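Chains as they are written, first to last, in this note's numbering: chain X, 1 to 310; chain D, 311 to 604; chain F, 605 to 929.
Next up, the structure:
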């Protein structure tokens with residue numbers, strides 16, 4: 001089992017390297033000279049060149065990439081072009097909020113989405129079913145930031161229950177988390193519903209009924225566990241999507257987090273921060289998916305038994 | 311003799327197509343979506359005939375700011391006195407343009423890559439799929455932001471940014487269609503008769519793959535519209551004064567308390583367009599394979 | 605004098621979807637006695653499975669309805685029983701096994717868990733250890749190693765899976781076993797083994813059985829009495845000897861026997877029965893079989909034939925109507 005986990009981690013490394021390489025390549029196209037950016041317009045050519053040598057900017061592309069990775073693995077992502085602060089420090093100071101927000105968002109989407117999907121499936125074609133399907137449709141169609149703005153309109157501006165900006169108390173996290181959760185919730189409702197419907201049609205459900213099991217037992221013991229397997233994978237994917245969505249949500253609610261840091265960095269062409277932020281998010285998403293995959297093998301007895309016996 | 315066979319095949323193909331259309335028509339929600347989408351397309355194409363771009367959508371008129379919806383200005387005026395209705399109409403053009411072109415590009419490359427990987431298999435397949443995995447590992451929004459960060463926000467770059475992250479999805483669909491068909495015995499039989507590779511691809515593989523591809527394409531246009539509006543909202547997408555529904559909402563964010571209609575109206579239009587595409591995509595999926603439905 | 609276990613009187617079952625009404629079972633009368641095996645033979649779509657599902661009360665929700673008739677079991681009319689009562693009967697007094705063993709077992713529960721579930725449901729007086737012991741006993745009885753109770757269904761072959769299914773069905777020693785084409789999905793050699801095992805178990809527990817099949821060979825091996833089902837009706841009924849050796853038969857039965865390929869004679873073509881079973885949403889007036897019957901008479905087209913019984917052998921056909929002779 002440990003060997004399997006080890007192998008999966010090993011397989012992830014090329015993907016992470018690939019991600020970093022692609023991002024590095026993309027950022028290569030950024031116009032402008034970082035050294036000149038840092039020294040200002042009045043710097044002389046020799047000063048600029050000196051700084052370039054110091055920062056290793058004159059070496060060729062692959063060498064720079066290699067050095068970047070070498071440093072990154074140690075946690076050193078260089079320094080910000082804007083304020084010369086260590087990039088990793090900037091990132092870690094903002095990471096906290098973003099992770100809190102995303103985790104909360106995923107939790108909300110699961111806690112609401114999965115049960116609604118189940119009920120929808122069990123009571124197919126009922127009013128509950130239609131309502132949840134229409135709700136899911138609306139939630140996937142509206143842009144997340146619009147949902148956020150509407151929430152602000154209602155709960156901050158009209159009702160004055162929750163603060164629209166900042167990140168100081170738990171109250172600040174409620175609306176952003178709901179905003180993030182909205183779209184994921186919708187996909188969870190749909191997927192849970194469809195896997196449940198599929199499972200309920202299976203022969204082994206009929207066998208369970210033929211044994212004299214109560215409908216509740218059939219649903220919970222037989223249908224649910226089978227239906228939830230693919231849903232678990234979706235939850236992992238949703239985490240990654242929500243990390244991406246956090247970028248916009250942090251802007252809507254003016255929350256200091258990794259997303260808003262990234263956007264500011266893009267505007268000021270602060271490449272090291274953009275790179276580090278993108279790579280950090282991609283790495284986190286990657287690890288979450290890996291975790292979910294491994295979790296999957298634990299909960300699907302078919303895979304687990306095969307693994308244990310091998 | 312041969313034409314008889316060909317005729318029968320044409321009839322069969324036509325029948326299959328007709329039955330798909332029939333099933334789609336039965337889905338009232340999908341039809342509704344089709345109508346809504348048609349309205350948006352109409353707005354996009356005939357924008358110039360409905361409103362004047364320069365006068366209504368771009369020219370600022372500071373005395374006329376913040377007029378609520380009225381007979382003269384259907385959706386009111388915004389913070390620069392511009393006619394919101396005009397901006398919405400042109401915004402449709404932008405959204406649909408970006409959505410469709412992006413999906414077109416990613417479709418083209420996705421099919422190319424997926425077909426190559428699926429058909430040749432082995433090392434070629436492995437190579438391309440590893441690359442696709444890497445691109446899939448980057449959340450779409452992130453990829454777009456990175457490209458915009460490097461290259462800037464002009465339309466060409468935006469299209470690249472958005473299409474790159476969608477290529478893997480199409481590649482996968484095509485590849486899995488090919489793999490499914492490849493394994494079937496009738497392919498061996500066809501090859502044994504000396505059928506050429508390209509004929510096998512066009513006669514057996516493509517018809518199977520087209521369905522899921524069209525469904526995914528429809529849904530991807532919806533996703534693209536959402537992403538471009540989000541990008542514009544944070545200032546990394548379509549730049550002012552070009553009217554785009556997302557940036558319209560960004561402009562009006564500060565006016566949320568007193569003039570919420572400036573935010574709500576563009577939001578509803580995004581929602582309607584995306585919803586119509588989602589519903590059409592779902593309807594196509596159900597029409598193509600009714601067994602999947604309940 | 606054998607005792608009646610279950611008696612079905614004039615059962616009519618329909619499937620009512622939004623688009624059409626399917627008359628699946630059209631007035632079936634049956635009795636099964638204690639300890640006997642009743643075979644139900646017929647083509648796909650004849651209504652045999654629907655009949656079995658009606659007994660179990662497992663017709664698809666909102667679509668399948670018992671329109672008329674009674675199913676008397678142990679003094680209760682199952683057609684009017686409440687769901688709670690039916691659940692007590694399912695698995696304990698009446699069990700059912702289905703056609704495809706590959707999909708009949710829950711893939712994420714062990715085989716042992718699935719067998720013990722029946723015991724947990726109906727033998728509440730047993731504790732966990734006793735249930736475990738019983739599970740091992742039953743596995744041995746169906747010819748599987750008791751240690752395999754912690755294995756998952758995907759680790760068993762098709763034939764072994766079917767044995768598990770049978771184990772589940774017989775765990776509580778039911779009075780009646782409904783077997784819907786239990787060996788159709790299996791290899792012929794495995795089929796023989798499974799049938800043999802079912803026969804032994806049947807006599808060990810004195811279980812009655814309704815065996816649904818389209819295979820006359822299986823019928824000959826295992827059944828005491830046989831019913832030939834066509835378009836939701838029983839067109840011929842009798843003992844195994846009646847069906848296989850009597851001179852008199854319903855034309856459909858003649859067709860069924862005639863369509864079995866005979867290895868001993870040289871023929872150029874197989875002899876199928878002409879035509880197809882009637883559309884169950886639009887049954888013909890008169891006899892359901894008349895469009896395909898070589899002996900069709902004028903009255904067959906308009907008047908439905910009655911059951912004609914001689915010495916316990918029933919044939920539903922105008923040919924044997926005394927007034928015709």
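For glycine and all other residues, C-beta sits at the position ideal for the given N, C-alpha and C. Being a predicted model, the structure only gives us computed values, none of them experimental.
Annotation: the continuous alpha helix (DSSP H) that includes residue 55(X) extends over 45-55.
For the region 192-219 of chain X, residues whose beta-carbon sits nearer than 9 Å to a beta-carbon of chain F comprise 202, 203, 204, 205, 206, 207, 208, 209, 210, 211, 212, 213, 214, 215 and 217. Listed in chain order, the beta strand (DSSP E) runs fully inside the region 782-866 of chain F are 812-817, 829-834 and 837-843, counting runs of at least 3 residues. Comparing alpha carbon positions, the residue from 852(F), 630(F), 771(F) and 710(F) closest to residue 747(F) is 771(F).
Taken through DSSP and simplified to helix, strand or coil, residue 158(X) comes out as helix. A straight-line Cα-Cα distance of about 17 Å links residue 234(X) and residue 137(X). In the same chain as residue 682(F), and ignoring 5 residues on each side of it, the C-beta atoms closer than 6 Å to its own belong to 675, in chain order. When DSSP states are grouped into helix, strand and coil, residue 908(F) belongs to the coil group. For residue 173(X), none of the residues of chain D pass the 9 Å Cβ criterion, the least Cβ distance being about 20 Å. For residue 596(D), the enclosing alpha helix (DSSP H) begins and ends at 571-598. Taking a Cβ-Cβ threshold of 8 Å, none of the residues of chain D is close to residue 228(X); the smallest such distance is about 19 Å. Nearest CB-CB separation between residue 585(D) and chain X: below the 8 Å threshold. Within chain F, 711 and 712 have C-beta atoms less than 9 Å from the C-beta of residue 300(X), given in sequence order. Fully enclosed alpha helix (DSSP H) runs of no fewer than 4 residues are not present anywhere in the region 368-427 of chain D.
Given a length threshold of 3 residues, each whole run of the beta strand (DSSP E) inside the region 630-713 of chain F is given here in chain order: 641-645, 668-677 and 698-701. In this model, residue 832(F) and residue 443(D) are separated by some 59 Å (Cα to Cα). For the pair residue 302(X) and residue 711(F), the CB atoms are nearer than the 8 Å cut-off. C-alpha of residue 157(X) to C-alpha of residue 248(X): approximately 20 Å in a straight line.
Between the region 280-292 of chain X and the region 685-696 of chain F, the count of C-beta pairs closer than 8 Å stays below three; the two stretches do not touch. In terms of beta-carbon proximity, residue 251(X) lines the interface with chain D, with at least one pair separated by less than 8 Å. In this chain, the beta strand (DSSP E) harbouring residue 611(F) covers 608-620. A direct Cα-to-Cα measurement between residue 787(F) and residue 799(F) gives close to 8 Å.
A check of alpha carbon separations from residue 818(F) across 735(F), 652(F) and 612(F) identifies 652(F) as the nearest.
Your pair residue 147(X) and residue 162(X) does not check out as a contact, with CB atoms roughly 14 Å apart and the cut at 8 Å. Residue 334(D) is a Cβ neighbour of residue 593(D), given a cutoff of 8 Å. In chain order, 469 place their CB closer than 7 Å to the CB of residue 411(D), counting only its own chain and leaving out the 5 sequence neighbours on each side. Put simply, the CB of residue 779(F) is far from chain X, with every gap to its CB atoms at 8 Å or more. A check of alpha carbon separations from residue 71(X) across 37(X), 52(X) and 272(X) identifies 272(X) as the nearest. In this structure, 34(X) is the residue among 87(X), 189(X) and 34(X) with its C-alpha nearest to the C-alpha of residue 48(X). In the displayed model, residue 79(X) falls within a strand according to three-state DSSP. For residue 918(F), there is no enclosing alpha helix (DSSP H); the residue is found in the beta strand (DSSP E) stretching over 917-920. In this structure, DSSP gives residue 872(F) a state outside helix and strand, which the three-state scheme calls coil. Between the alpha carbons of residue 923(F) and residue 697(F) lies a gap of roughly 40 Å. Residue-level contact by beta carbon fails for residue 787(F) and chain X, as no gap is shorter than 8 Å. By the criterion of at least three beta-carbon pairs nearer than 8 Å, the region 577-590 of chain D is in contact with the region 526-545 of chain D. Leaving aside the five residues that flank residue 116(X) on each side, the residues in its chain whose CB is nearer than 7 Å to its CB run, in chain order, 132 and 189.
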